[in-house]
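All remarks here apply to the structure that follows.
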Amino acid sequence: MGAILHDADGRLLLIKRGTEPGRGLWSLPGGHVEPGEDDAAALVREMAEETGLAVSAGPHVGTVLVGPYRIADYRCTLVGGTLTAGDDAADARWVDAAEFAALPLVDGLAETLAGWAVLPR
């Protein structure tokens, strides 16, 4: 599952993947749902681990298939914390539209987020 989180300026939170698949590419933060977790609990846990941010899980935005993985992405609301890359993330940052367009992204991210109307401003 993945998190779609915008700040008050409309910037989107992205992480630079520190592990495969997609090492060195930018993507939405997220990860695996552990046994006994639902998507909302996994989203809150993964965001804390990868970004240092506390969030509340919001509505499902869409689902993508990436190789053997089915990834459900959810809109999130920031609750607190300090942005810092952790766990599987080599970096984490808020990006505006120009920065987003210039970053090396995981395959299909820009097109998917455009289709869901959740690109950064």
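Quick note: the sequence shown, position 120, residue 120 per UniProt numbering, numbers continuous.
No residue lacks a Cβ here, since even glycine has one placed at the ideal position from N, Cα and C.
Whole-number beta carbon distance between residue j and residue i, since they are thought to touch under 8 Å
i, j, result
"Gly30", "Ala54", "Incorrect: roughly 15 Å between the Cβ atoms, too far for contact."
"Ala89", "Ile15", "4 Å"
"residue 136", "Gly52", "The structure shown does not extend to residue 136, since the chain is modelled only from 1 to 121, so the question has no answer here."
Close Cβ partners of residue i (< 6 Å) along its chain, the five nearest in sequence each way excluded
i, result
"Gly62", "Asp73, Trp116"
Same chain only: Cβ atoms within 8 Å of residue i, ignoring 5 sequence neighbours per side
i, result
"Val118", "Ile4, His6, Leu12, Val61, Arg75"
Between the CA atoms of residue j and residue i - distance to the nearest angstrom
i, j, result
"Ala57", "Glu49", "15 Å"
"Val44", "Thr77", "10 Å"
"Gly36", "Leu25", "30 Å"
"His32", "Gly22", "15 Å"
"Asp87", "Ala41", "17 Å"
Counted within 10 angstroms of its Cβ, other Cβ atoms place residue i as buried (16 or more) or exposed
i, result
"Leu65", "exposed"
"Pro68", "exposed"
"Pro104", "exposed"
"Gly2", "buried"
"Arg17", "buried"
**Report entry** Whole runs of the alpha helix (DSSP H) within the segment 68-115, excluding any shorter than 4 residues
**Finding:** 97-102, 109-115
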